Amino acid sequence: MLTNAAWQKSVNSLPFRKIPQTFYQQAVLNVELKLLGKFLVKREEETCLVGKIVEVEAYDARFDEASHSFKGKTARNKVMFQEGGYLYVYFIYGNHFCCNVVCDKKEVGAAVLIRGIEPVSGIDVMSKRRFGKKEISAKELVNLTNGPGKICKAFGIRREENGTPLFGDTLFLAEGEKIKTTSIGITSRIGIKKAKELPWRFFIKENTFVSAL
DNA sequence: ATCAAGATTACCT
DNA sequence: GGTAATCTTGATA
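Quick note on our numbering: the first sequence kicks off at 7 and runs consecutively.
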């Protein structure tokens, strides 16, 4: 186990520029658009897991019946009502965790679901968690993090990570690739029954780690 | 106390 | 393309 000072030093020496909390405190659709191409970074004891965000969906308490926050604050969704910059993690279908980036001001109740990630570093750790082995086939690789539940499994994001500040040192977002407007696809969101008409799913076109067309 | 729904995934034909 | 698995949550009584 690293000492606190050594930990701090190793975090600061990473080749990633951490996104400040103020970034998250703007309108959810603005944040959502800029999330594409950024890196999700998770520091663990032995490794550093990194992945590029390639698919996202916005949810908003104010005009969006599909959002967990639509009917107001509850024990489950209260993190969504904090000011932007925290991770909202929920458990679904008795099996899976999904993670969201909380946006906008306090009490707004808006967040962006991370649906697709292109693995960059720590792939053997992700593989072990998803498939129980470090070596995986090409077919397994494309299935590693191309869905919200798969991402949380691979990155080890569970109940304990709910409410984690994204401006801390263990789990954060970092500057990534600039994505051209022309290579961004926009559709309605996946897997919901209400508010299907809202075109709030953004993804990087042609990227293999997008969960669906 | 009971119950139905759910921001998914894996596996089947 | 279809569906079973699995259990937490929030609503209702």
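The beta-carbon is built from N, C-alpha and C at its ideal position, and this holds for glycine as well.
None of these values were measured; they are calculated from a predicted model.
Exercise for review: Compare the C-alpha of Leu46 against each of Leu39, Lys40 and Leu55 and name the closest.
Suggested key: Position 40 of the first sequence, counting from 1, holds the residue named residue 46. For Leu46, the nearest C-alpha among the options comes from Leu55.
Check your understanding: What are the boundary residues of the alpha helix (DSSP H) that Phe97 is part of?
Key -> Residue 97 sits at position 91 when you count from the first residue of the first sequence. Run containing Phe97: none in the alpha helix (DSSP H); it sits in the beta strand (DSSP E), Leu93 to Ile98.
Check your understanding: Would you call Leu204 buried or exposed, if buried means 16 or more other Cβ atoms sit within 10 Å of its Cβ?
Key -> By one-based count along the first sequence, residue 204 stands at place 198. Looking at its Cβ environment, which holds 16 or more other Cβ atoms inside 10 Å, Leu204 is buried.
**Study point:** alpha helix (DSSP H) segment containing Leu41, residue limits
**Key:** Position 35 of the first sequence holds residue 41. Taken as a continuous stretch (DSSP letters only), the alpha helix (DSSP H) holding Leu41 covers Val34 to Leu41.
Practice item. To the nearest angstrom, report how far apart Phe215 and Ala81 are at their CA atoms. Key: By one-based count along the first sequence, residue 215 stands at place 209. By one-based count along the first sequence, residue 81 stands at place 75. The straight-line gap from Cα to Cα measures roughly 32 angstroms.
Check your understanding: How would you call Pro26, buried or exposed, if buried means at least 16 neighbouring beta carbons within 10 angstroms?
Key -> Translated into the one-based positions of the first sequence, residue 26 becomes position 20. By the neighbour-count rule (16 or more Cβ atoms within 10 Å), Pro26 is not buried but exposed.
Exercise for review: In the DSSP assignment, find the beta strand (DSSP E) that holds Phe161 and state where it starts and stops.
Suggested key: Indexing the first sequence from 1 puts residue 161 at position 155. Segment Pro154 to Phe161 is the alpha helix (DSSP H) holding Phe161; no beta strand (DSSP E) there.
**Study point:** Closest residue to Asp66 among His102, Gly57, Phe29 and Leu119 (Cα-Cα distance)
**Key:** As a position in the first sequence, residue 66 is number 60, starting the count at 1. Out of His102, Gly57, Phe29 and Leu119, Leu119 has the C-alpha closest to the C-alpha of Asp66.
Exercise for review: Please name the residue in Gly169, Met86, Phe97 and Pro125 whose C-alpha comes closest to that of Lys112.
Suggested key: On the first sequence, residue 112 is found 106 positions in, with the first residue counted as 1. Nearest of Gly169, Met86, Phe97 and Pro125 to Lys112, Cα basis: Met86.
Review point. Would you report the Cα separation of Thr187 and Glu38, rounded to the nearest angstrom?
Key: Your numbering for residue 187 matches position 181 in the first sequence. Your numbering for residue 38 matches position 32 in the first sequence. Distance between the alpha carbons of Thr187 and Glu38: 13 angstroms.
Review point. Are at least three pairs of beta-carbons, each pair with one atom in the segment 156-169 and one in the segment 93-106, less than 8 angstroms apart?
Key: yes
Check your understanding: Would DSSP call Asp130 helix, strand or coil?
Key -> Locating residue 130 in the first sequence gives position 124, counting from the first residue. Correct three-state label for Asp130: helix.
**Study point:** Beta-carbon proximity list for Pro171, same chain, < 7 angstroms, skipping 5 on both sides
**Key:** Position 165 of the first sequence, counted from the first residue, corresponds to residue 171. Excluding positions up to five away in sequence, the list reads Gly91 and Tyr92.
Exercise for review: Tell me whether Leu147 sits in a helix, a strand or coil according to DSSP, three-state version.
Suggested key: Start at 1 with the first residue of the first sequence, and residue 147 comes out as number 141. The answer is helix: DSSP assigns Leu147 an H, G or I state.
Exercise for review: Whole angstroms is fine: what's the gap from Lys84's alpha carbon to Ser127's?
Suggested key: Your numbering for residue 84 matches position 78 in the first sequence. Your numbering for residue 127 matches position 121 in the first sequence. Distance between the alpha carbons of Lys84 and Ser127 is about 32 angstroms.
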